[in-house]
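In the UniProt record's numbering, the protein residues as written are 1 to 95.
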């Protein structure tokens, strides 16, 4: 395999990895927020006087759940636009 074929192969596998990173990250964030929202509604129905306290904590946790997805998105964008794997491949093959 020459360098051009190796770079094309790495780019193809990187595109698949980017799709998996973003897809699973979005799925996990959606499920996490859905479960948290359902638990919030259950607790609000049981003790309505605690809604203001629970609501603040719910929004804090929603931000933390979304932050994990956004970090994964940033890693995926790093691989999409400035792929460090291709630079390492060129150094390893002397190209």
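Just so it is clear, CB atoms sit at the ideal spot from N, CA and C, and this is done for glycine as well.
Cβ-Cβ distance between residue i and residue j below 7 Å
i, j, result
"residue 81", "residue 25", "no"
"residue 65", "residue 29", "yes"
"residue 43", "residue 53", "no"
Cβ shell of residue i (< 8 Å), same chain only, five flanking positions each side left out
i, result
"residue 93", "3, 6"
"residue 1", "9"
Unbroken alpha helix (DSSP H) run spanning residue i, endpoints
i, result
"residue 48", "That residue, residue 48, is in no alpha helix (DSSP H); it is neither H nor E in DSSP."
7 Å Cβ shell around residue i - same chain, five flanking residues per side excluded
i, result
"residue 73", "22, 25"
"residue 18", "76, 79, 80"
Residue of the options minimising C-alpha distance to residue i
i, options, result
"residue 61", "50, 10, 40, 44", "40"
"residue 34", "16, 59, 46", "59"
Same chain only: Cβ atoms within 6 Å of residue i, ignoring 5 sequence neighbours per side
i, result
"residue 16", "none"
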